[in-house]
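Asker:
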Amino acid sequence: MREQFYQSPVHQSVLHLVTEALKELTAARAPSPTIRQLAQLIGCSEETILESLEFGRQESIGLVQ
Numbered sequence: 162m163r164e165q166f167y168q169s170p171v172h173q174s175v176l177h178l179v180t181e182a183l184k185e186l187t188a189a190r191a192p193s194p195t196i197r198q199l200a201q202l203i204g205c206s207e208e209t210i211l212e213s214l215e216f217g218r219q220e221s222i223g224l225v226q
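Here the sequence shown is numbered in our numbering, starting from 162 and rising by one per residue.
1. My understanding is that H172 touches G217, with C-beta atoms under 8 Å, so please give their C-beta distance in whole angstroms.
2. Enumerate in chain order the residues of its own chain whose CB-to-CB distance from I210 is below 7 Å, with the five nearest sequence positions on each side excluded.
3. Residues in its own chain within less than 8 Å of M162 by CB, not counting five upstream and five downstream?
4. Rounded to whole angstroms, what is the Cα-Cα separation between S193 and L202?
5. For S213, which residues of its own chain have a beta-carbon under 7 Å away from its beta-carbon, when the five flanking residues on both sides are left out?
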């Protein structure tokens, strides 16, 4: 059951939000945010961000679609 928790869609969603936030900050040439700043930016806990970085998975996109 613990394994299912860490493979939940929540972690994938938060990982996606983190990735998008980092893309926007990079485009704006902003300094790298801390975990706390990311949590405030996307509206979730620091713990959830850390779990998402560890256990979240991004879908791989093939070159040919």
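For glycine and all other residues, C-beta sits at the position ideal for the given N, C-alpha and C.
Answerer: In brief:
1. Counting from one through the sequence shown, the residue named residue 172 turns up at place 11. Counting from one through the sequence shown, the residue named residue 217 turns up at place 56. Their Cβ separation, rounded to whole angstroms, is 4 Å, which keeps H172 and G217 in contact under 8 Å.
2. Locating residue 210 in the sequence shown gives position 49, where the first residue counts as 1. Cβ neighbours of I210 beyond the five flanking positions: V175, V179, I196, L199, A200.
3. Taking the first residue of the sequence shown as 1, we reach residue 162 at position 1. The pLDDT assigned to M162 is 44, lower than 50, so where the model puts this residue is not dependable; a value taken from the coordinates is nonetheless given after this. Once the five neighbours on either side are set aside, M162 has no close Cβ partner at all.
4. Counted from its first residue, the sequence shown places residue 193 at position 32. Counted from its first residue, the sequence shown places residue 202 at position 41. If you take the alpha carbons of S193 and L202, they lie about 13 Å apart.
5. By one-based count along the sequence shown, residue 213 stands at place 52. If we look at S213 and ignore the five residues flanking it on each side, its Cβ neighbours are H172, V175, L176, V179.
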